[in-house]
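Student: Under the numbering used here, the letters of the sequence shown match residues 2 to 204, in that order.
Below you'll find the structure I mean.
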Amino acid sequence: MVAGQEQTHVPNTPVEMAEMLRRASEQKLSVVLRGAGTKLDWGRPPQRIDATLSTRGLYRLIAHQHGDLTATIEAGATLREVNVALSLHGQWLPLDPPFASEATIGGILATNDSGPLRHRYGTPRDLVIGTAVATADGVLAKSGGQVVKNVAGYDLSKLLAGSFGSLAAIVNATFKLSPLPAASRTLSPPRATPKSSVASSAR
């Protein structure tokens, strides 16, 4: 990383991500974390950008414990890619944020983004049970675990949800999954036009 010119870096491992953050911190560079870029206009805009760190090099489904309904996913994987892989075992991560086919797991969790499905399944904050992060001083840290009943220590994973990357760079996260529904159906009632509404009220 070089001060004075904006650069984009794509680390391929959590260790590379941590090392790049450490070097940026030593050089006092302003860093923006980026997944698919679907939420770059959310939150407070940075006063300056010296470097962009993309999570797209971290795109793997690390573990899928389908018997326990949990999965550990790297931050740069898109929600669509993840759910295609999980569907092979009849499971999914039940989130429906805007631009769901493009949005990355790290970005969804960092912004706690969700859609109407949150009323049934909850938000990313409700579903996350563990995270691994890279901090500004180059340390890789873990919180939580890979089992649903995890009671050891502080639940820092939920603190990261909605932090917009201001606390650390999420490199992977473990989520509770749900079985795929046997069927899905959308009901759309006919819309009444102003003319038909007036005719109905006049009867």
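Quick reminder that beta carbons are idealized off the backbone N, C-alpha and C, glycines included.
Could you tell me which residues DSSP pairs with GLU75 in its beta bridges?
Tutor: ASN173, per the DSSP bridge assignment.
Student: Using only the alpha-carbon positions, how far apart do PRO98 and THR112 sit?
Tutor: In a straight line, the C-alpha of PRO98 is about 10 Å away from that of THR112.
Student: Under the three-state reduction of DSSP, which class applies to GLY131: helix, strand or coil?
Tutor: Note: GLY131 maps to strand in three-state DSSP.
Student: Name the residue from PRO191, LEU161, VAL129, SER185 whose alpha carbon lies nearest to the alpha carbon of LEU70.
Tutor: Comparing Cα-Cα distances from LEU70 to each of PRO191, LEU161, VAL129, SER185, the minimum goes to VAL129.
Student: Reducing DSSP to helix, strand and coil, say where HIS120 ends up.
Tutor: Helix.
Student: List the endpoints of the continuous beta strand (DSSP E) containing ARG35.
Tutor: Per DSSP, ARG35 belongs to the beta strand (DSSP E) from 32-35.
Student: Ignore the nearest five residues each way along the sequence and tell me which others in SER102's own chain have a CB closer than 8 Å to its CB.
Tutor: For SER102, where only same-chain residues beyond five positions count, the Cβ hits under 8 Å are THR79, LEU80, ARG81.
Student: Let me know the secondary structure DSSP gives PRO15 once reduced to three states.
Tutor: The answer is helix: DSSP assigns PRO15 an H, G or I state.
Student: Span of the alpha helix (DSSP H) holding SER158?
Tutor: Per DSSP, SER158 belongs to the alpha helix (DSSP H) from 157-161.
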